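Numbering (our numbering), first residue to last: 7 to 389. Here a beta-carbon is modelled for each residue, glycine too, at the ideal position from N, C-alpha and C. Quick caveat: nothing in here was measured; it's all calculated off a predicted structure.
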C-alpha cells in the first residue's frame, strides 16, 4: 500500500525533529558552546536539500523499489553493499531512539520503573507497527504530529521569559572550527532523510503540492531553533549537564499549578512520537534486510529487528556515555556516506545509464502531472 505526498511530508517533518530534543543539545554545547544553534541550523538545511534530491530520485524510479532501482543503476554487488550501509544507518538511529527512550522514561521520569516492563511492550509495539506497514505508521504520525507541535511551542513560550539574551554573546569567540568539529562529531544525529530510501515505489505523487514539503521542512527547522534558543538561553554554561532538553525546559518553568500538568502531557506525547519514529526506522531496517537477503515475507526480518533492539537494551549503563564511545566517529562516517554521498552517486549513475541508451528505450519514469490530469479528465467524463 502507498502513502500520499502529505503523509510523506509529515514523516519528513517528524524525522527532522525526532532526535533533536533529548541529549543532542547538551552534546552539541560541549564543542560549539553558544553557537550550537547554528550547527543544528546548518545541518538541517543540508538535510532539507537532500530531501529534494531523494524526491527527484523517487520520481525517477517510478514503481521500482530501492533495491530494483539501485540494481538497475549500480549493479547487484554494489547494491548489496549499499544495503548493508543503509542497514547500519537505520540500526544506529533505531538503537539511539530505543536507548534514549529507555533512559528518558526509566531513569528520568519514573525512577522506580523496571526497565524490562517498559522495553518489552515497546518492542512488541515496534514489531506490530513494522508488520502493519508504512501506511499505518504514516497514519499514526498524522495523528500525533500537531499535538506534538502545539506542545513544543507551548513549552518554549512558557519558558521564554527566563532567557538571558546576553548569554549568547560574544558570537564566534573561537571562530568557525568548533562549529565544524561539532557538526562532524554529532553528524549521526542528523541524516534525517535516509528513511526515504525505503519508500521508493511506495509514494503516490499524484496528490503532490509543490510547496508542501518546503513548508514542513521550514517549520521543523524553526521549531528546533526555537527550542534550542530557549534551552541554551536558560541553562547557559550548565547545558552539558542537562541531558533531556524537552523535560528540563518543562521542569525549569514549573510552578506547581494545574496548568503545569500540560507540560507533562506534552512530554508524554513526545514519548509516543519517539515510539512512532522507532517503528519507522524499524520498518526501514526490516525492508533493507529483506532486500539484502531476498527474504520472502516480513516475519523473519521483523524478528531480526526486534531481537536487535532487545539486545541493544542490555548494552550500556548510561546513554550519554554510549554516544561518546560508539556514535563517533563510526556513525558519522556511516551517515555521511548514506545520506550525503549515496544520493549524489545514484543521480550520477542514473544520468550515465540514460545517456548510454541513445535512441533506445529509456528507463521508465512516471509522469505524475500527466497522471493527475488524466484522473481529472476521467472524473469530468464520469460526471
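Within 8 Å, strictly: CB atoms of residue i and residue j
i: residue 77; j: residue 85; result: yes
i: residue 93; j: residue 317; result: no
i: residue 251; j: residue 233; result: yes
i: residue 73; j: residue 297; result: yes
i: residue 139; j: residue 7; result: yes
i: residue 171; j: residue 286; result: no
i: residue 282; j: residue 9; result: no
i: residue 17; j: residue 157; result: no
i: residue 275; j: residue 100; result: no
i: residue 240; j: residue 38; result: no
i: residue 279; j: residue 45; result: no
i: residue 107; j: residue 337; result: no
i: residue 256; j: residue 169; result: no
Sequence-distant residues of its chain with Cβ nearer than 6 Å to residue i (five each side left out)
i: residue 15; result: 218, 219 and 222
i: residue 111; result: 124
i: residue 187; result: 37
i: residue 214; result: 11
i: residue 19; result: 222 and 226
i: residue 132; result: 284, 285 and 288
i: residue 54; result: 223
Opening and closing residue of the alpha helix (DSSP H) in which residue i lies
i: residue 300; result: Premise fails: residue 300 is in no alpha helix (DSSP H) and is neither H nor E.
i: residue 361; result: 348-361
i: residue 31; result: 30-38
i: residue 391; result: In the structure as shown, the chain starts at 7 and stops at 389, and residue 391 therefore has no counterpart that could be examined.
i: residue 241; result: 218-241
i: residue 24; result: 11-24
i: residue 342; result: Premise fails: residue 342 is in no alpha helix (DSSP H) and is neither H nor E.
Inter-residue Cα distance where the pair is residue i and residue j
i: residue 204; j: residue 309; result: 18 Å
i: residue 68; j: residue 155; result: 33 Å
i: residue 60; j: residue 195; result: 19 Å
i: residue 339; j: residue 352; result: 18 Å
i: residue 177; j: residue 50; result: 20 Å
i: residue 23; j: residue 200; result: 14 Å
i: residue 391; j: residue 357; result: For residue 391 there is no data in the structure shown, the boundaries of the chain being 7 and 389.
i: residue 248; j: residue 29; result: 8 Å
i: residue 175; j: residue 198; result: 30 Å
i: residue 369; j: residue 63; result: At residue 369 the pLDDT is 46, less than 50, meaning the model places this residue with poor confidence; the figure from the coordinates comes in the next sentence. Taking the straight line from one Cα to the other gives about 12 Å.
i: residue 26; j: residue 246; result: 15 Å
i: residue 307; j: residue 180; result: 48 Å
i: residue 11; j: residue 65; result: 12 Å
i: residue 343; j: residue 91; result: 8 Å
i: residue 192; j: residue 87; result: 24 Å
i: residue 326; j: residue 253; result: Confidence in residue 326 is poor, its pLDDT being 49 and thus under 50, which makes the residue's placement too unreliable to answer from.
i: residue 36; j: residue 81; result: 43 Å
i: residue 103; j: residue 127; result: 15 Å
i: residue 413; j: residue 83; result: Because residue 413 is not part of the residues shown, which for the chain are 7 to 389, the question remains open.
i: residue 305; j: residue 164; result: 46 Å
i: residue 242; j: residue 150; result: 31 Å
i: residue 48; j: residue 273; result: 27 Å
i: residue 13; j: residue 320; result: 34 Å
i: residue 183; j: residue 341; result: 21 Å
i: residue 216; j: residue 122; result: 45 Å
i: residue 302; j: residue 145; result: 25 Å
i: residue 362; j: residue 89; result: 25 Å
Cβ-based neighbour list, residue i, same chain, cut-off 7 Å, excluding 5 preceding and 5 following
i: residue 129; result: 312, 315 and 316
i: residue 79; result: 352, 355, 356 and 359
i: residue 349; result: 56, 59, 60 and 63
i: residue 153; result: 275
i: residue 75; result: 67 and 206
Residue i beta carbon near the ligand MG (any heavy atom closer than 7 Å)
i: residue 174; result: Among the ligands in the structure shown, none appear at all, so the ligand MG cannot be discussed.
Beta-carbon proximity list for residue i, same chain, < 8 Å, skipping 5 on both sides
i: residue 166; result: 236
i: residue 159; result: 229 and 232
i: residue 70; result: 78, 206 and 207
i: residue 289; result: 135, 136, 139, 140, 143 and 204
i: residue 346; result: 52, 56 and 197
i: residue 21; result: 198, 199, 201, 283 and 286
i: residue 238; result: 31, 35, 40, 42, 43, 173, 174 and 245
i: residue 277; result: 107, 110 and 111
i: residue 335; result: 190 and 191
Sequence ranges, alpha helix (DSSP H) only - wholly within the region 95-177, length at least 4: Runs of the alpha helix (DSSP H) spanning 4 or more residues and lying entirely within the region 95-177 occur at 121-138 and 140-165, in chain order.
Open item on the list: Which runs of the alpha helix (DSSP H) at least 4 residues long sit entirely within the region 46-80? Give them in chain order.
Closed with: Residue ranges of uninterrupted alpha helix (DSSP H) with 4 or more members, entirely inside the region 46-80 and ordered along the chain, are 72-80.
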